[in-house]
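Peer 1: For the sequence shown, the numbering used here gives the first residue as 129, with consecutive numbering after it. Ideal Cβ placement from N, Cα and C applies to all residues, glycine included. Values in this document were obtained by computation on a predicted structure and should not be read as measured data.
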Amino acid sequence: MNLLSFLLVVSTIECCNSFFLGEARTFTNTLRSSKIGQESSATQLNMVSPAVALVAQAVRTPAGVAIATGALATLGVKAYLDRPSRTYGNGTVAKEYDEWTNDGILEYYWGEHIHLGYYSKEEMERGYTKKDFKEAKYDFVDEMMKFGGIDPVVDSNAKVLDVGCGFGGTSRYLAKKLGANADVTGITLSPMQVKRGTELAKEQGVPNAKFMVKDALEMDFPDNSFDIVWACESGEHMPDKKKYIDEMMRVLKPGGKFVMATWCQRDDSKIPFTKKDKKDLQFLYEEWTHPYFISIEAYKNLIDATKMMNVVTTSDWVDETIASWRHSVLVGIFDPRGWIFKPTKYVKCVRDGYCLERMHRAFKRGLMQYGMFAATKKSG
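So, in structure tokens, the structure goes:
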């Protein structure tokens, strides 16, 4: 696979969306001008004709054969990409993150932070590609600290829990920002992420950041252990959202700070999901080993239901993060060195690129939202 084929396959979703809207219109005109399709009103093509009828008409001319062949090939590739390949199950999250860590592609492009980046309104107006993709992730951490009321001076002695730490980019960053007296613990299901995170902490001289394999739903930390509980893009993989929230609230000290960022589906209580919505969500669940998503409102209700927390602040950061999806694809296109020499990963890269685009579209149309949550734990 060369760069051109990579671009073509990643853009398959656009081709398929446009074919029957734009290309079919052109093709219909071609058929009509050559008197094909004028044999009877029953055989005339229109914009809602089934693909089979379109292909049947197409093969009557050389140009039609070429168009039909291209259409079928495109539809075939799309059909393959639309079949989720990484459905959630026992051990799948650890397995996938072990593989992502081992192949190095994610780290090459995303750097130490495997979460979305932050783009200001001004940066979006200038063009998001002008911003360094990795720098956007550091900016996200800074903005999330502000959102959660985390201050390097006030919290310089904090004991921090990073729930779903990846290979520890945020854990190490927080350890550096808060200073040597702070203590940061990152937990993940992936042994390879723990290994890589520990390696990077040693390389960077960050002794106050440590990592361990631990299930966020079954943490063995005592009650009231941490001054700050931080969770960035880990809720997506949790099969029990209530237990996920309950455990984080349990280990947070009274007066402690909680801040969470997570992908959410929109609240469907007012506008029910359509069949397309449900189909699109199912793909997003199953392609990247997610059990399911819930809404911003549902997460807030879960936090409130613990009766442990003060007022919960929520926000939807879709505008600040949406550029990350396509920016991620573009950095892979313009700098292929991260994947080009790993032919066994070509199909996986294409699938990931396709899923990134589908994520972008889901967030853009409001099917998905980027949930932000901040609260402090009650003192009594």
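For the 8 Å Cβ check, are there 3 or more pairs between the region 481-492 and the region 409-422?
Peer 2: With a cut-off of 8 Å, the region 409-422 and the region 481-492 count as touching, because enough Cβ pairs lie within range.
Peer 1: DSSP three-state call for W228: helix, strand or coil?
Peer 2: Correct three-state label for W228: helix.
Peer 1: Can you check whether the CB of A310 is closer than 7 Å to the CB of A286?
Peer 2: Yes, the Cβ-Cβ distance between A286 and A310 is below 7 Å.
Peer 1: With a 10 Å radius around its C-beta and 16 neighbouring C-beta atoms as the bar for buried, classify V457 as buried or exposed.
Peer 2: Buried.
Peer 1: Identify every run of the beta strand (DSSP E) within the region 324-404, keeping only runs that are complete inside it and at least 3 residues long; order them along the chain.
Peer 2: Taking only runs of at least 3 residues, the beta strand (DSSP E) segments lying wholly in the region 324-404 are 337-341, 354-360, 380-393.
Peer 1: Nearest by alpha-carbon distance to H243: which of A503, V269, I195, A196 is it?
Peer 2: With distances taken between Cα atoms, H243 lies closest to V269.
Peer 1: Three or more C-beta pairs under 8 Å: does that hold for the region 222-240 against the region 419-429?
Peer 2: With a cut-off of 8 Å, the region 419-429 and the region 222-240 do not count as touching, because too few Cβ pairs lie within range.
Peer 1: Can you tell me the Cβ-Cβ gap for E250 and L328, rounded? I've got them flagged as a contact below 8 Å.
Peer 2: Not quite, the Cβ-Cβ distance comes to about 32 Å (not below 8 Å), so this is no contact.
Peer 1: Locate the beta strand (DSSP E) running through I468, then write down its first and last residues.
Peer 2: No beta strand (DSSP E) holds I468; DSSP gives it neither H nor E.
Peer 1: Around the C-beta of V505, are 16 or more other C-beta atoms found within 10 angstroms, so that it is buried, or is it exposed?
Peer 2: The identity of residue 505 in the sequence shown is Lys, whereas the question assumes Val. Buried: at least 16 other Cβ atoms inside 10 Å.
Peer 1: Skipping 5 residues on each side, what residues in its chain have a beta carbon closer than 6 Å to that of D355?
Peer 2: Contacts found: A286, K287, K381, G384.
Peer 1: If you draw a straight line from the C-alpha of K305 to the C-alpha of W358, how long is it?
Peer 2: Looking at the two C-alpha atoms, the distance is approximately 14 Å.
Peer 1: Ignore the nearest five residues each way along the sequence and tell me which others in V341's own chain have a CB closer than 6 Å to its CB.
Peer 2: Around V341: P319, V322.
Peer 1: Near K370, what residues of its chain come up, given a Cβ to Cβ distance below 6 Å and the 5 sequence neighbours on each side ignored?
Peer 2: The residues are L430.
Peer 1: M273 to D279, Cα distance in whole Å?
Peer 2: Going by the C-alpha atoms only, they are around 7 Å apart.
Peer 1: How far does the beta strand (DSSP E) with Y498 in it extend, from its first residue to its last?
Peer 2: 496-504 is the extent of the beta strand (DSSP E) around Y498.
Peer 1: Compute the Euclidean distance between the alpha carbons of D444 and P400, then round it to the nearest angstrom.
Peer 2: Cα-Cα distance, rounded: 19 Å.
Peer 1: Whole angstroms are fine: how far does the CA of T390 sit from the CA of E448?
Peer 2: So the two alpha carbons sit approximately 13 Å from each other.
Peer 1: What do you reckon, are the CB atoms on G294 and A264 nearer than 7 Å?
Peer 2: No, they are not a contact pair.
Peer 1: To the nearest angstrom, how far is the alpha carbon of V446 from that of E253?
Peer 2: Rounded to the nearest angstrom, the two C-alpha atoms are 15 Å apart.
Peer 1: Contact check, F386 vs T442 under 8 Å by CB: the rounded distance?
Peer 2: Between T442 and F386 the Cβ distance is about 12 Å, and since that is not below 8 Å, they are no contact.
Peer 1: Should V312 and S362 be called a contact, given that it needs their Cβ atoms to be closer than 7 Å?
Peer 2: For V312 and S362, no; Cβs fall outside 7 Å.
Peer 1: At which residue ranges does the region 429-491 contain complete beta strand (DSSP E) runs of 3 or more residues, listed in the order of the chain?
Peer 2: The region 429-491 contains these whole beta strand (DSSP E) runs: 441-444.
Peer 1: Count the other CB atoms within 10 Å of the CB of A433; is the residue buried (16 or more) or exposed (fewer)?
Peer 2: It is exposed - the Cβ of A433 has fewer than 16 other Cβ atoms within 10 Å.
Peer 1: Locate the alpha helix (DSSP H) running through I233, then write down its first and last residues.
Peer 2: That run of the alpha helix (DSSP H) goes 233-238.
Peer 1: Taking a contact to mean a Cβ-Cβ separation below 7 Å, would you say I424 touches G499 in this structure?
Peer 2: Yes.
Peer 1: Which of the three DSSP states, helix, strand or coil, is assigned to V282?
Peer 2: Looking at V282 - three-state DSSP - the assignment turns out to be coil, as it is neither helix nor strand.
Peer 1: Buried or exposed: which applies to E346, given that a residue is buried once 16 or more other Cβ atoms fall within 10 Å of its Cβ?
Peer 2: Label assigned to E346: exposed.
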